[in-house]
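Those sequence lines, one after another, are chains A and B.
Taking numbering that gives the first Met the number 0, the leading residue of the first sequence gets 0, the next gets one more, and so forth.
Taking numbering that gives the first Met the number 0, the leading residue of the second sequence gets 0, the next gets one more, and so forth.
Note sheet for the following structure.
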Amino acid sequence: MKRGIISVVCLMFFALPGNSYGDAHGQDTGVVGKVGLGLSGNFNFPVFGMSDRFRAQEAFGLYFTYARDARNTLEVEFHRTRFDPGKIQEATFYWPEDKPEEWQKITSPLARNYMTVNAFTINGLYHLKERTGGSDGVTGGPFIAYGGGFYHYKNSVSGLIFAGQPNLGGGIDTTLELAPFDDTDVAWGLNFGLGIEVLASDRAAVDARARWNLLIGELRQMESYGVARTFPLHYFEIGLSVKYYVM
Amino acid sequence: MIRKLAFLSVLLVCVLGVQDWAQAATTGKIAGRVMDIKGDPLPGANVVITGTNRGATADAEGYYIILLVLPGTHSMEASLVGYQKVVQQDVKVVVGYTSTVDFSLTETALEAAELIVTAERPPVEPDKTASKYYVTADEIDLQPVVKDARAWAGLQPGVQKDGRSVRQGNFQMDEGERRAGWYTTTPKPISLTYTVDGVRMVNNDRRAANMFTGVNRASIQEISVVTGVPEAEYGNMDAGIINIVTREGSRDYHGFFEYRYTVPGKRHYGFNAYDPIIHLNQGTGRSRIRLDDPAWLQEKEDIGADGLPGTADDSGRLVHIQPDDYTDISGHRVEGSISGPIGDKTSFHVSAQTDRQPVQRPDPALRSLPNYQVTGKLTFGVRPNINLKLGGVYGTNQNFRNTRESALSAGRDLYLPAGIDGAGKEIEWNSMLYAYLTHSLSSRTLYELRISRSDSEQDTSGMPIETFNVVRDHDKWFTATPREVRDYRLNRQTRHNLKFDFSSQVTKGNFFKAGAEATWFRTYQWESQSRGTSGSYRVWTMYDYYESAQNRLGADGQMDYVPATTVNGVKLPDLRGAGNLDDPAWNAFRDYPRGAFQLGAYAQDKMEFEGMVVNVGVRLDAYDHGGQTRPEPVWSVLPQNRWFADADASLARQGQTPYPNNPQSFPTYDGLNMFKLSPRFGVSHPITARSAIHFSYGRFFVLPIFYAMYGQTWQAASGRSIAEDLNADNRYSSYEYYGGLEMGSTKRGSTNSRPGSTVNYEVGVDWNFVSDYTANATMFYRRTEDYLQQNNTFLHDPVEKQIKRAHWYQNAYSGETRGLELAVSKRFTNFFSFRATWSWYWEQNNFYGGREWVGRWFVDSDFLAKDAYRFKFAIDQTTGERVWQPLSSAEVNAIGMFADQLVQQEIDANRELWITEKFANQVPDAQVGFPWTDERNIAARIHTIGGVRGPANMRDATGDGSITFLFATPEGYGPEVGGSKVLSDLNVNLVLRIEPGTFFRYSQPTPSPSTANKLIRNQLLFTNPTAFRTDLGIQKGFRIGKLRPTVFFEATNLFNAKKPRPIRRWNFFHDIPKYGLAENQPTPVVVRDNNQIWDQWNSYTNRTREIYFGVRTSM
């Protein structure tokens, strides 16, 4: 977690354009009408059923941004998250299944579960306060962020000791594992949230945003391991981004 | 000529004289007020629909009403001398709704140019008193990736994705065509009804619902979907109706053409059928496909049908010819339409489509067989106030009969030449023709008369005569000659309707409508299937057994026989050598279709005042079985059949005479004629200018599937051949051909079944929350009662010491659903629109059991002594048929002693019994004899099977949904890049369908999330994974003169998502929920012990991603 925070801060630092404020002199229209590129660093927190499987992870994103007018911004975004490791190695199961009087609680210490999400979305930002430009100094204001697109996800599970194996008298065979599998699909998804944008100049800006991501996808259940079906998939995202309007 | 045609059509309507009504609305209404700019009414102002002769004159208060307006977008004009004419464009009319269009005219002394304004439909529909969603022709044109009416219906909230049922999630999955089979416990009727131009298109009149809807996309003007409470004019359904209105020709000629090419590819999951892994010989470790072995490649068919090498029937052809690569097959689809005027008063619109799509898996044909679909309509403006329409829908398709009995096995039939299937082909025809007369008696009163005929037929052709065991190659693996099975089908259903509707706008806010309908059904069905092995023979029949028995020898008065032939060492009937087979038991059953009448009448009133709209109506339905019912003799010899027939008929039948000497002596009985009253009520009221609430209630009745009323099914007893020459005279009577009377299991319909009923309540809110965005939320409660439930009876036969089983039906199935439907949509503005829907269903059904009961019959010695037993037969040496023989006194004594022992065992086991008179003193409190009959010598043990209700918790409530997204730009849009506007005339469609998995049962032996981490012993319900499917369509248009060709790309299942095979709900699949394994996926123990490799072939059955390219143009 700590390493992730450091990574995000470093990334934001190096991504900030060094002379963006100086470029602003002489520009009256601010960022309105300009297109640019943005870079974001986030922390993604799995929620609801996802939180039973994964912990918070850092994530990175890139986006193309177009300030349509003083109130609206259009973004085309890619962000990638890798929830790794998951919690499956902590999951226990009862064995042998059919003999409660002999039950042992067993874990699969070599089990591994991770999930990658590659999101391609089109977002809109509605600025609650009109952006008058950046040439008068640092300005900014809150915005509503909304968007949707496709979220490619791959949830991989491996190394689970097979809970349904019979008791042959020699104890559980820890080498008898479920075949590795993954839930892979491309989900339609939505995101919705709030943010604050700070215009450092008429070309550079920084924003902080918090968004809810909802993916219309499903992860399979493994009832014997205490894992329920997860549908839909949610994660909450908090992050910082910098953007530079190039034209 | 046109007048003659019109006259003839009216004459036809009058002459045929059958009655029917069930008006289905196909038009909307425009109403409003004409005022001056001060708000004062302008009486006498003329309002007309531009380009038509339809219009109205404003009354003293300035109000006007125009009835019978076709759905779609219209332009309207209002004019009055001394005022500037006003034109309202884009007036949208929806079937069944009122479009309010007010005019404000400015006084002018001089002739001024007309004032053009654009009309806007209100953000929420003010007269939506029940859940209703509609799709207009504009939307259909803009989203061509949705190909047909059922696909559109499936995208609406509350409708299953296949467009077959409403508000039932996936809990009740036995409905629909081709699903009712031998093992179907509950032959439920269709829940969703389709009408095309007001004519009902789906019916209950065969073994499963017939859901031919058949209208080509190019012919659809509007689709409206009512999932809640349809109005009283609609009957025989289960609270859901989809109305399709077809397009009409206009005063200009128009045309449309589309060609779509399907890119070759593998269309299933799992290994390729030619993959050596499938054909791995576990014993030798070698693949059975040996393309590098010349001897194997040159293997000749030297066995033939007789199974012996070197005989005359050896074909000598190569057995292992190179397989056709089923993954390298492309497909084609063509659709077109043309419309325009014929003379001054007549117009036409006709469309047609056909396709040849690649099969998903190796099949006798690598592309779908020929299929065609035509939709057409002729519109005659006979007089200004009389309109006549003639139209119809026709569809035909062919399929190979890949039934369970005849299915080509995965991989093992690869080397059969394409086009060969042991079961042969089936051809299906569906057609509907109608004539529809509208006569406006005044501007506010009209009547409609509609006559229609629809016809469905299924016929198998090219069937092999008889069955042989499959002949395989030398390795005994690949099929060397086509496997021949018996799989015949000949079904036909015809329906004639006459509908009459009277409508009147009684007052400004009061629209009254009443009507009547009569439907005359005629249906016959005959199917037989066999795998060619003993005991696998089944026959399904449905026709008028009573009438056919009156003429059991046919027109020639002679019993007809089929000669025997010997094939493969087996004596078999040779139908090819048969002469005249006009006995009903052979082919002439077609002359005795089962006839039945359905009658209905309704009255409804739509009241509009102060923004509130009330729809109130009532409907009366009646059903007549059209004659007496007589169980076929083949049934009546079974004692348990006799007794349950008695029971459900509530009749005590007296003596029987042996079959078949006097079959007419078997008693007949009248079915239960049905009269049902269905109230409907709906009210809507605005909350704000942008929101409205509605409540509705309705009761509905739906006829049972006809097969459950008139059908009979029987299966040959284990070990019995399909046909047996019982009297060894080298010929077969129909009796012998049908496998004799040695039935292992039987099933029979009952005319005492009542219609299923449904009650539906709903409350919904529509809210235009911002700009073009609207949200709908509807909560509903729906309860179904009296659906048919299969019951089982078992006779403990003391003679053969076997248990004989029979099924029958009774009104016992019930279920209830609570649900929430949500939809958010955006109208098409700013180049895009979307609609997202989601529905939750919390359902409880007694689906497997509940009130289902099982009866076990035990006859006692008194029963045997009175010659009531029917299991001892002699063979009639003339006909080969069994003749009942009375038991001798010695047999009565011996068998009676054993029979009494069986009854005594039941008493000793303290089981709850209906006791026989002989044993009555041992169980003093028990019912003596059958309660519905005079029979007092049979004991019966009745017990119910406990139902499984579910789902067990709210988390597992099923849900389904959809999202449609459209981005479309007009011509000339966007920046110019390299001399062309790449964003101009661009259309992008995206459709997501979310389907819940099917239910099945499992037991969780350890604490788990589904058991709240407690150990329980109950069975649980589980749903298979949710299936997601995304379809994409992109088209780019060009302009070439008047032509506007577009090229397009389409992809179905764009992301290659897997959909698990539907699982029948009474099956157990523990490994799926417990370990996340897929169906048919081996567990690690199985993999370890047997080296089994998982092939996803049988786990996921949907088609993989398919890519299409094409061109479409309109003129």
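Glycine residues also receive a C-beta, built at the ideal position from the N, C-alpha and C atoms.
Would you call A:Val241 buried or exposed, if buried means 16 or more other Cβ atoms sit within 10 Å of its Cβ?
As a position in the first sequence, residue 241 of chain A is number 242, starting the count at 1. Result: buried.
Best match in B:Val86, B:Thr107, B:Thr97 and B:Arg1038 for proximity to B:Ala118 [C-alpha to C-alpha]
Here residue 118 of chain B refers to the residue found at position 119 of the second sequence. It is B:Val86 whose Cα lies nearest to the Cα of B:Ala118.
Could one say the Cβ of A:Val34 lies closer than 8 Å to chain B's Cβ atoms, at least one of them?
One-based indexing of the first sequence puts residue 34 of chain A at position 35. No, no contact with chain B.
Cβ pair count under 8 Å reaching 3, the stretch 22-35 of chain B against the stretch 87-99 of chain B:
yes
Can you find a C-beta in chain A that's less than 8 Å from the C-beta of B:Leu991?
Sequence index remark: in the second sequence, residue 991 of chain B carries index 992 (1-based). True, the Cβ-Cβ gap to chain A drops below 8 Å.
Rounded C-alpha distance that separates B:Gln714 from B:Arg537:
As a first step, residue 714 of chain B must be located in the second sequence, where it is residue number 715. As a first step, residue 537 of chain B must be located in the second sequence, where it is residue number 538. C-alpha separation (whole angstroms): 4 Å.
Span of the beta strand (DSSP E) holding A:Pro141?
On the first sequence, residue 141 of chain A is found 142 positions in, with the first residue counted as 1. Note, A:Pro141: beta strand (DSSP E), Thr138 to Ser157.
Report the start-end ranges of each alpha helix (DSSP H) in the stretch 169-202 of chain A that is 4 residues or longer and not cut off at the edges.
none
Does the beta carbon of A:Ala162 sit closer than 8 Å to a beta carbon anywhere in chain B?
As a working note, residue 162 of chain A is residue 163 in the first sequence. By this cut-off, A:Ala162 is an interface position.
Among B:Tyr82, B:Val853 and B:Ala835, which residue has its Cα nearest to the Cα of B:Asn790?
The residue given as residue 790 of chain B occupies position 791 in the second sequence. Closest by alpha carbon: B:Val853.
What do you get for B:Ile240, buried or exposed, if any count of 16 or more other CB atoms within 10 angstroms of its CB means buried?
Counting from one through the second sequence, the residue named residue 240 of chain B turns up at place 241. Flag for B:Ile240 reads buried.
Rounded straight-line distance, which links the Cα of B:Pro357 to that of B:Thr261
Against the second sequence, residue 261 of chain B aligns to sequence position 262. Against the second sequence, residue 357 of chain B aligns to sequence position 358. Taking the straight line from one Cα to the other gives about 8 Å.
Tell me which same chain residues have a C-beta within less than 6 Å of the C-beta of B:Asn1101, skipping the five on either side of it?
Locating residue 1101 of chain B in the second sequence gives position 1102, where the first residue counts as 1. If you ignore the 5 residues before and after B:Asn1101, its C-beta comes within less than 6 Å of the C-beta of Lys1058, all in its own chain and listed in chain order.
Beta carbon of B:Val858, beta carbon of B:Ile906: below 8 Å?
For this step, residue 858 of chain B is matched to residue 859 along the second sequence. For this step, residue 906 of chain B is matched to residue 907 along the second sequence. No, these two residues do not count as a Cβ contact at 8 Å.
A:Pro95 bridges to which residues according to DSSP?
Within the first sequence, numbered from 1, the residue matching residue 95 of chain A stands at position 96. A:Pro95 is bridged by DSSP to nothing; it lacks a bridge partner.
Determine the DSSP secondary structure at A:Phe47, reduced to helix, strand or coil.
Numbered from 1 along the first sequence, position 48 holds the residue referred to as residue 47 of chain A. It is helical.
Measure the beta-carbon distance from B:Leu819 to B:Ser838 and round it to whole angstroms, keeping in mind my assumption that it falls under 8 Å.
Walking along the second sequence from the start, residue 819 of chain B turns up at place 820. Walking along the second sequence from the start, residue 838 of chain B turns up at place 839. Yes, B:Leu819 and B:Ser838 are in contact; Cβ-Cβ is about 7 Å, under 8 Å.
In chain A, which residues lie with their C-beta within 7 Å of the C-beta of B:Pro122?
In the second sequence, the residue the question calls residue 122 of chain B occupies position 123. By Cβ distance, chain A contributes nothing, its closest Cβ being about 21 Å from B:Pro122, past 7 Å.
Collapsed DSSP secondary structure at B:Thr226 in the structure displayed:
Locating residue 226 of chain B in the second sequence gives position 227, counting from the first residue. B:Thr226: coil per DSSP, three-state reduction.
I'd like to know whether the C-beta of A:Gln88 is nearer than 8 Å to at least one C-beta of chain B.
Looking up residue 88 of chain A in the first sequence gives position 89. Closer than 8 Å to the CB of A:Gln88 there is not a single CB belonging to chain B.
CA-CA distance, B:Gly315 and B:Trp151?
Numbered from 1 along the second sequence, position 316 holds the residue referred to as residue 315 of chain B. Numbered from 1 along the second sequence, position 152 holds the residue referred to as residue 151 of chain B. If I take the Cα positions, the gap works out to 52 Å.
Chain B contacts made by the stretch 230-243 of chain A, where a contact means CB separation under 7 Å
Phe230
Quick check: the Cα distance between A:Leu239 and B:Val990, rounded to an integer number of angstroms?
Numbered from its first residue, the first sequence carries residue 239 of chain A at position 240. Numbered from its first residue, the second sequence carries residue 990 of chain B at position 991. So the two alpha carbons sit approximately 33 Å from each other.
With a threshold of 8 Å between beta carbons, is A:Glu129 in contact with chain B?
Here residue 129 of chain A is taken as the residue at index 130 of the first sequence, counted from 1. No, its Cβ sits nowhere closer than 8 Å to a Cβ of chain B.
Does the Cβ of B:Asn909 have 16 or more other Cβ atoms within 10 Å, making it buried, or fewer, making it exposed?
As a first step, residue 909 of chain B must be located in the second sequence, where it is residue number 910. With fewer than 16 Cβ atoms within 10 Å of its Cβ, B:Asn909 is classed as exposed.
If you run the structure through DSSP and keep just helix, strand and coil, what is B:Arg403?
On the second sequence, residue 403 of chain B is found 404 positions in, with the first residue counted as 1. Any reading at B:Arg403 must be qualified, since the residue scores a pLDDT of 46, below 50, and its modelled position is unreliable; the value itself is stated next. Here B:Arg403 sits in coil by DSSP.
So with Cβ pairs under 8 Å, would you call A:Phe47 a contact of chain D?
Absent from the structure is chain D; the protein chains it does hold are A and B.
Between which two residues does the alpha helix (DSSP H) carrying B:Met708 extend?
In the second sequence, residue 708 of chain B corresponds to position 709, counting from 1. Its alpha helix (DSSP H) spans residues Phe705 to Tyr709.
Quick one: which residues of the stretch 950-984 of chain B get their C-beta closer than 7 Å to a C-beta of chain A? List them in chain order.
Ile962
Can you check whether the C-beta of B:Arg1111 is within less than 8 Å of a C-beta belonging to chain A?
The residue given as residue 1111 of chain B occupies position 1112 in the second sequence. Cβ-Cβ to chain A under 8 Å: no for B:Arg1111.
Please classify B:Arg589: does DSSP put it in a helix, a strand, or coil?
Against the second sequence, residue 589 of chain B aligns to sequence position 590. In the structure shown, B:Arg589 sits in a helix (DSSP, three-state: H, G or I).
May I have a chain-ordered list of the beta strand (DSSP E) segments no shorter than 3 residues that lie completely inside the stretch 302-387 of chain B?
330-341, 345-355 and 370-382
Spatially closest choice to A:Asn122 from A:Ser157, A:Tyr113, A:Leu61 and A:Thr229, by CA coordinates
On the first sequence, residue 122 of chain A is found 123 positions in, with the first residue counted as 1. A:Asn122 has its Cα closest to that of A:Leu61, out of A:Ser157, A:Tyr113, A:Leu61 and A:Thr229.
Here's a check: name, in chain order, each residue in its chain whose Cβ is nearer than 8 Å to the Cβ of A:Glu96, leaving out the five neighbours to either side.
Mapped onto the first sequence, residue 96 of chain A falls at position 97. Answer for A:Glu96: Ala162, Gly163 and Ser223, listed in chain order.
If we ignore side chains and look at the alpha-carbon of each, how far apart do B:Leu368 and B:Thr459 end up?
Numbered from its first residue, the second sequence carries residue 368 of chain B at position 369. Numbered from its first residue, the second sequence carries residue 459 of chain B at position 460. Their backbone Cα atoms lie some 14 Å apart in a straight line.
Contact set between A:Asp184 and chain B, taken where Cβ atoms lie within less than 8 Å
Residue numbering aside, residue 184 of chain A sits at position 185 when the first sequence is read from its first letter. Chain B residues near A:Asp184: Phe1027, Phe1054 and Ala1056.
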